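Everything in the sequence shown is counted per UniProt numbering, starting at 1 for the first residue and increasing by one. Every residue gets a Cβ at the ideal spot worked out from N, C-alpha and C, and that includes glycine. Please read these numbers as outputs of a predicted model, since none were measured by experiment.
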Amino acid sequence: MAEVIRMPLLSDTMTEGVIAEWHKKVGDQVKADDVIAEVETDKATMEVIGYVEGTLLYIGVEKGKAAKVNGIIAIVGKPGEDYKPLLEGNSGDTAPAPAQQAAAPAPQAAPAAAAPAADDAALKEALKNASVIRMPLLSDTMTEGKIVAWNKKVGDVVKSDDVLAEVETDKATMEVVGYADGTLLYVGVKEGEAAKVNGIIAIVGKPGTNVDAILAGENAAPAKAAPAETAAPAATSAAAPAEAPAAAASSDGRVKASPLARKLAAEKGIDINQVAGSGDNGRIVKKDVDNFVPAAAPAAKTGAAAPSAPAFVPAGQEGYTDTPLTQMRKVIAKRLSESKFTAPHFYLKIDVNMDKAMDARKAINEVSPVKISFNDMVIKACALALRQHPDVNSSWMGDFIRHNQHVHIGSAVAIEDGLIVPVIRFADQKTLSQIAGEAKGLYDKAKNKKLQPQDFTGNTFTVSNLGMLGIDEFTAIINPPDSAILAVGGIKETAIVEKGQVKIANIMKLTLSCDHRSVDGAVGARFLATLKTYLENPVTMLV
Numbered sequence: 001m002a003e004v005i006r007m008p009l010l011s012d013t014m015t016e017g018v019i020a021e022w023h024k025k026v027g028d029q030v031k032a033d034d035v036i037a038e039v040e041t042d043k044a045t046m047e048v049i050g051y052v053e054g055t056l057l058y059i060g061v062e063k064g065k066a067a068k069v070n071g072i073i074a075i076v077g078k079p080g081e082d083y084k085p086l087l088e089g090n091s092g093d094t095a096p097a098p099a100q101q102a103a104a105p106a107p108q109a110a111p112a113a114a115a116p117a118a119d120d121a122a123l124k125e126a127l128k129n130a131s132v133i134r135m136p137l138l139s140d141t142m143t144e145g146k147i148v149a150w151n152k153k154v155g156d157v158v159k160s161d162d163v164l165a166e167v168e169t170d171k172a173t174m175e176v177v178g179y180a181d182g183t184l185l186y187v188g189v190k191e192g193e194a195a196k197v198n199g200i201i202a203i204v205g206k207p208g209t210n211v212d213a214i215l216a217g218e219n220a221a222p223a224k225a226a227p228a229e230t231a232a233p234a235a236t237s238a239a240a241p242a243e244a245p246a247a248a249a250s251s252d253g254r255v256k257a258s259p260l261a262r263k264l265a266a267e268k269g270i271d272i273n274q275v276a277g278s279g280d281n282g283r284i285v286k287k288d289v290d291n292f293v294p295a296a297a298p299a300a301k302t303g304a305a306a307p308s309a310p311a312f313v314p315a316g317q318e319g320y321t322d323t324p325l326t327q328m329r330k331v332i333a334k335r336l337s338e339s340k341f342t343a344p345h346f347y348l349k350i351d352v353n354m355d356k357a358m359d360a361r362k363a364i365n366e367v368s369p370v371k372i373s374f375n376d377m378v379i380k381a382c383a384l385a386l387r388q389h390p391d392v393n394s395s396w397m398g399d400f401i402r403h404n405q406h407v408h409i410g411s412a413v414a415i416e417d418g419l420i421v422p423v424i425r426f427a428d429q430k431t432l433s434q435i436a437g438e439a440k441g442l443y444d445k446a447k448n449k450k451l452q453p454q455d456f457t458g459n460t461f462t463v464s465n466l467g468m469l470g471i472d473e474f475t476a477i478i479n480p481p482d483s484a485i486l487a488v489g490g491i492k493e494t495a496i497v498e499k500g501q502v503k504i505a506n507i508m509k510l511t512l513s514c515d516h517r518s519v520d521g522a523v524g525a526r527f528l529a530t531l532k533t534y535l536e537n538p539v540t541m542l543v
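In structure tokens, the structure reads:
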């Protein structure tokens with residue numbers, strides 16, 4: 001059965017997207033990981049992946065025109081398949097592209113007559129009275145999302161701007177807005193479970209709508225939903241004993257709290273795990289944080305025996321704890337494995353004398369409105385060096401190399417679930433204090449899982465710094481599609497020889513990992529030499 005590709009929700013404020021470019025045309029073969037289009041949102045231009053395989057049968061939005069979020073933009077299926085019943089139920093404001101006419105259905109008709117016709121009629125009628133809410137694409141690397149919390153339950157009245165659910169992606173926890181008015185008729189994914197991008201997670205419409213007809217019209221939805229339904233009772237019963245004393249914890253151990261409650265708790269320095277929730281199913285809301293009394297902490301400590309911190313078993317006994325992979329950890333494993341084993345890495349190392357940088361940082365911080373870190377200085381120096389060595393500021397795109405004319409520096413941050421790379425945009429054009437202020441804001445958002453797609457996409461170069469953790473030097477895996485990543489070690493007093501004399505200097509070790517497909521050894525070496533010059537003479541970054 002043909003499958004629809006809908007306009008994904010690519011930012012928290014997006015209501016529609018403009019098709020900037022189609023990478024496929026009607027009749028082309030499409031693979032699950034193919035980029036079919038580029039969509040311009042209110043914040044960025046991002047790629048749309050269909051996550052389905054087959055032939056592109058229909059394009060619903062011309063290049064340069066817009067489609068509402070969740071509106072059908074394309075249909076993929078078998079050659080000659082009749083896709084028109086899917087369009088008759090489409091409520092999105094999309095204008096058919098002329099190219100779609102090439103995909104006329106073949107004269108092959110399904111052998112069964114009465115039942116399919118009845119099913120199609122029921123599907124059409126159901127889609128007239130209901131809107132399907134699908135798992136949106138919330139980041140450029142996302143393939144599935146985990147439902148952290150449902151803010152509505154079946155039977156609730158829903159408005160178009162209501163937040164239906166909170167979804168954990170590979171990079172952040174974000175809110176899903178349904179953009180539909182009506183009654184919540186169906187919830188397809190339980191809290192703690194995941195759904196593929198574009199999979200049905202809910203249906204909103206008129207009471208009495210035939211939800212089963214819509215579900216039956218999905219190609220793989222019934223097959224995927226069945227295991228989820230059978231697995232649900234086991235998960236519920238297993239979590240039941242823990243729910244009474246710690247109602248705010250979901251089945252995967254994650255505390256259920258509204259985004260506002262989390263924000264207030266972070267601002268007040270309150271451990272959200274210690275707050276008792278008074279909302280639906282023990283969900284923590286704003287008033288719970290406002291009324292929180294620290295004295296309640298010892299009672300909450302018992303319930304905080306977190307599965308993420310397994311205790312050692314008594315001496316002489318064996319034991320282990322299996323920890324389910326988070327969405328972030330899954331994508332880190334996939335992308336970095338691909339990078340390590342497909343990109344031919346080579347490594348260049350250099351020592352940098354940071355004596356003058358340390359003096360300069362002290363002087364700068366006496367007048368700077370924001371505290372400048374050594375990492376901020378490294379970001380600024382890298383940005384300026386990339387301007388002089390544009391070959392390093394490139395991206396490997398498979399069949400061509402993209403030389404970026406802007407400098408966006410990604411700065412890797414370790415958070416509880418893994419690693420994320422917030423991006424300092426146009427870093428070469430910003431002062432040290434601007435970089436420091438922006439970096440601090442991004443790091444705080446990363447740790448609170450509040451980053452939006454525009455905060456962690458578009459990097460042209462990456463810096464990974466473990467110096468603050470006491471690491472002298474290390475090598476980093478390239479963050480695709482970047483051509484290079486800089487690993488930064490700590491500053492350490494080291495004996496050096498200068499003009500025949502032994503002296504003590506503050507040395508920082510840098511290691512540049514390069515993709516040999518786009519960066520040659522001499523190019524990387526020249527970049528490092530320029531970077532060293534900037535860091536050893538910080539005044540040169542100010543002129």
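- For Tyr-443, there is no enclosing beta strand (DSSP E); the residue is part of the alpha helix (DSSP H) that begins and ends at 432-447.
- One alpha carbon belongs to Leu-451, the other to Lys-334, and they sit about 21 Å apart.
- Three or more pairs of CB atoms, one per stretch, sit closer than 8 Å, so the stretch 366-385 contacts the stretch 401-416.
- Distance between Lys-492 and Val-189, taken at the CA atoms: about 51 Å.
- Taking C-beta separations shorter than 7 Å and ignoring five residues to either side along the sequence, the partners of Arg-402 in its chain run Ser-394, Ser-395, following chain order.
- Rounded to the nearest whole angstrom, the CA to CA distance from Ala-529 to Ser-337 is 30 Å.
- For Glu-366, the secondary structure class from DSSP, reduced to helix, strand or coil, is coil.
- Between Met-328 and the set Val-370, Val-413, Thr-321, Asn-375, the nearest pair of CA atoms involves Val-413.
- Under the three-state reduction of DSSP, Gln-501 is assigned to strand.
- The residue from Ala-315, Glu-3, Gly-269 with its alpha-carbon nearest to that of Gly-199 is Glu-3.
- With the rule of 3 Cβ pairs closer than 8 Å, the stretch 140-153 does not count as touching the stretch 413-432.
- Annotation: Ala-525 to Ile-504 spans about 26 Å, alpha carbon to alpha carbon.
- Under DSSP, Ala-484 forms a beta bridge with Cys-514.
- Around the beta-carbon of Val-543, fewer than 16 other beta-carbon atoms lie within 10 Å, marking it exposed.
- The three-state reading of DSSP puts Ala-412 in coil, since its state is none of H, G, I, E or B.
- When DSSP states are grouped into helix, strand and coil, Ser-464 belongs to the strand group.
- In the same chain as Gly-458, and ignoring 5 residues on each side of it, the C-beta atoms closer than 8 Å to its own belong to Ala-44, His-408, Val-423, Arg-425, in chain order.
- About 6 Å separates the beta carbon of Lys-532 from that of Ile-350, a gap short enough to meet the 8 Å contact definition.
- DSSP lists Val-352, Ile-491 as the beta-bridge partner residues of Met-508.
- A straight-line Cα-Cα distance of about 6 Å links Lys-65 and Ile-19.
- Burial of Gln-274 is indicated by the presence of at least 16 other C-beta atoms within 10 angstroms of its C-beta.
- Between the stretch 365-375 and the stretch 435-442 there are three or more C-beta pairs closer than 8 Å, enough to call the two in contact.
- Judged by DSSP secondary structure, Ala-257 falls outside any beta strand (DSSP E); it is assigned neither H nor E.
- Counting along the chain, Val-211 sits inside the alpha helix (DSSP H) bounded by residues 211-216.
- Residue pairing from DSSP places Gly-418 in a beta bridge opposite Ile-415.
- For Ile-379, the enclosing alpha helix (DSSP H) stretches over residues 374-388.
- Excluding residues up to 5 positions away in sequence, Phe-346, Ala-484, Gly-524 lie with their Cβ nearer than 6 Å to the Cβ of Cys-514 in the same chain.
- The Cβ neighbour count for Gly-17, taken over all protein chains shown within 10 Å, is at least 16; the residue is labelled buried.
- DSSP places Ala-180 in no alpha helix (DSSP H); its state is neither H nor E.
- DSSP, reduced to helix, strand and coil, places Gln-29 within a strand of the structure shown.
- With 16 or more neighbouring CB atoms inside 10 Å of its own CB, Asp-34 falls in the buried class.
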